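Student: My questions will all concern the structure given below.
In my numbering, the protein residues as written are 2 to 253.
As structure tokens, this is what we get:
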């Protein structure tokens, strides 16, 4: 079974599909004619895989996530077709007309420091004829940074390892870095094209990264700022037949 197929099965088992649609709400928490009650929405984990979903025209999806007071979080909604607005609030009732944490057109993300234990997300399609396709995720450097399922461990200064990517696939790797150490991540593409990304975030990809090697032709060289697990993503791009490559982490 391919890693891509395994990921899809994991998402299905996690309850992928349309989130519970918030209902209109009225009362003291709503200063407008229409607000959304997110009392019964599904939960999202911090630093997890981006979760894909779809909105029909004018539909609203809701999600909740637990935070630690004082920690910083980024809610990122990436729309692949259509347009949507993203709202984040510590209130279970979201008033879209008066909400403070709002990313109109879902193109920049929402970063905030938690002042409460639970936060809520509402994603609203803007009335597109075909609705909107999107992914939603929450990123935090202050939260759990354990490897995601399927992440492959690499040993520093080991021999290059060979892998193959099918179209649209991402494979994630990890290695242990020591503060002050100099490291090089080298991806050698044998056929096809790939991008390489490095981050302390386990769900590293083209949205969450500190360093990148686009087209994987130069390698990523860096000095570790802390002793930690570092995560790598190699993402297929371009070729309809996939990519073959080797990957190696070295340190002097």
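Note that CB positions come from ideal geometry on N, CA and C, so glycine has one too.
As the structure is a prediction and not an experimental result, all values here were calculated from the model.
Keeping to the same chain, check which residues put their C-beta closer than 7 Å to that of residue 186; ignore five residues upstream and five downstream.
Tutor: Hits under 7 Å: 197, 199, 220, 221, 233 and 250.
Student: For the structure I just gave you, are there three or more beta carbon pairs, one from the stretch 225 to 242 and one from the stretch 164 to 173, closer than 8 Å?
Tutor: Touching, yes, given that three or more Cβ pairs across the two stretches are closer than 8 Å.
Student: So, do the stretch 157 to 168 and the stretch 72 to 82 have three or more beta carbon pairs nearer to each other than 8 Å?
Tutor: Contact between the stretch 157 to 168 and the stretch 72 to 82 is absent, because fewer than three Cβ pairs lie under 8 Å.
Student: Curious, which full-length beta strand (DSSP E) runs of at least 3 residues does the stretch 176 to 245 contain?
Tutor: Complete beta strand (DSSP E) runs here, min 3: 183 to 192, 195 to 200, 212 to 214, 221 to 224 and 229 to 237.
Student: With distance defined between alpha-carbon atoms, name the residue in 79, 85, 67 and 66 nearest to residue 57.
Tutor: Among 79, 85, 67 and 66, the Cα nearest to that of residue 57 is on 85.
Student: Which whole-angstrom value is the C-beta distance of residue 124 and residue 78, which I expect to be below 8 Å?
Tutor: Indeed, because the Cβ distance is near 6 Å, the residues count as touching under 8 Å.
Student: Would you kindly check if the distance between the Cβ of residue 45 and the Cβ of residue 139 is under 8 Å?
Tutor: In contact: residue 139 and residue 45 (Cβ atoms closer than 8 Å).
Student: Thinking just about the alpha-carbon of each residue, which of 149, 120, 126 and 30 is nearest to the one in residue 107?
Tutor: Of 149, 120, 126 and 30, the residue nearest in Cα terms is 126.
Student: Does residue 247 come out as helix, strand or coil in the three-state DSSP assignment?
Tutor: Residue 247: strand per DSSP, three-state reduction.
Student: For residue 107, does the three-state DSSP call read helix, strand or coil?
Tutor: Of the three classes helix, strand and coil, the one that applies to residue 107 here is helix, per DSSP.
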